[in-house]
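Taking the working numbering, I'd label the letters of the sequence shown as residues 13 to 234.
In this text, a Cβ means the ideal position worked out from N, Cα and C, and glycines have one as well.
Before any comments, here is the structure.
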Amino acid sequence: MSSPKKQVRFNDDNIFYSPKTPSPTLSESSLPSSGDSSGPCTPPQNNYPSLPLPDGPVAIHPLLAFHPHVPPIIYDTSLPPLTVAPNVHASPLSLPPKVFDEPATQPSMHTMTLIIDQFPWRLTVPPTKHYVSVRDLLEALYCSLRHPVLPTEYKTLPTQALKDEVSVAFHRRCGRASSREAADEQYHRGVKRVDFLRGRTRFMGLSSTKVGPDVWTLNLAF
13 MSSPKKQVRF NDDNIFYSPK TPSPTLSESS LPSSGDSSGP CTPPQNNYPS
63 LPLPDGPVAI HPLLAFHPHV PPIIYDTSLP PLTVAPNVHA SPLSLPPKVF
113 DEPATQPSMH TMTLIIDQFP WRLTVPPTKH YVSVRDLLEA LYCSLRHPVL
163 PTEYKTLPTQ ALKDEVSVAF HRRCGRASSR EAADEQYHRG VKRVDFLRGR
213 TRFMGLSSTK VGPDVWTLNL AF
């Protein structure tokens, strides 16, 4: 006799961008950049003037650059950014706090967009000052992945196999909670966007795209 299926729950290689041709405009949704580990985040209040997008080559910060085998930092994107640790095989033995306030790109930009393979949302990173910092990017990534998933969004998954993988990721995330009470709380909060990564939560870095200097691919691994 087969066991019943677990159910999900819902709340009501290149680190440079080099321009070649004019970039199309993306339709992007603004995402928050800070918050706690349980609920949606509040967008930052940014009163700084916007910077024009650079029209020349753009380099990503070394801590954020994509390296397929040895990423510069060790970070599970399902956890808060304060858990970021240096990868001793690629980075210094410590990460001084000031490094997270450095611009995420050179030259700096006032906004960035992250895209993820087989992930239906584009993640927009707003700045807390007049440019997007390393900290802004990591916090915006974490917060955007904490957004609840609507039942209609879950139903857009094209196959039952994908739905099952999201369900497994959801239950595993709840099971990693520090206590039974915390696990129950996570369960009742329902599926989040991070569950759509289906376990691919290890940060491997950002690589450039052909879309524009502000659009980068987020590479993840199991």
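Alpha carbon of residue i to alpha carbon of residue j, nearest angstrom
| i | j | result |
| --- | --- | --- |
| Lys222 | Thr229 | 10 Å |
| Glu114 | Arg185 | 31 Å |
| Ser145 | Lys175 | 35 Å |
| Gly68 | Leu149 | 21 Å |
| Leu105 | Gln172 | 44 Å |
| Ala194 | Gly187 | 9 Å |
| Ser219 | Gln118 | 14 Å |
| Pro138 | Val96 | 20 Å |
| Thr164 | His183 | 20 Å |
| Asp226 | Ser190 | 37 Å |
| Val178 | Arg212 | 11 Å |
| Phe112 | Pro132 | 28 Å |
| Ala71 | Glu197 | 41 Å |
| Val20 | Ala233 | 23 Å |
| His200 | Tyr87 | 26 Å |
| Pro170 | Met124 | 28 Å |
| Pro66 | Tyr143 | 12 Å |
Selection from the options that minimises the alpha carbon distance to residue i
| i | options | result |
| --- | --- | --- |
| Lys141 | Asp129, His81, Ile127, His122 | His122 |
| His101 | Arg210, Leu75, Lys204, His183 | Leu75 |
| Gln130 | Asp207, Gly224, Val82 | Asp207 |
| Arg205 | Ile85, Pro170, Leu65, Leu162 | Leu162 |
| Ala77 | Leu169, Met124, Met216, Phe234 | Met216 |
| Pro83 | Ser90, His73, Leu91 | His73 |
| Ala116 | Gln19, Tyr87, Glu151, Ser103 | Glu151 |
Start and end residues, alpha helix (DSSP H) containing residue i
| i | result |
| --- | --- |
| Gly187 | 172 to 187 |
| Ser156 | 146 to 157 |
| Ala194 | 192 to 201 |
Extent of the continuous beta strand (DSSP E) to which residue i belongs
| i | result |
| --- | --- |
| Thr164 | Here Thr164 belongs to no beta strand (DSSP E); instead the alpha helix (DSSP H) covers 163 to 167. |
| Ile127 | 124 to 127 |
| Arg134 | That residue, Arg134, is in no beta strand (DSSP E); it is neither H nor E in DSSP. |
| Val223 | Where Val223 is concerned, there is no enclosing beta strand (DSSP E), given that its DSSP letter is neither H nor E. |
Nearest-angstrom Cβ-Cβ length linking residue i and residue j, presumed shorter than 8 Å
| i | j | result |
| --- | --- | --- |
| Leu8 | Leu126 | Nothing can be reported for residue 8, as the shown portion of the chain is limited to 13 through 234. |
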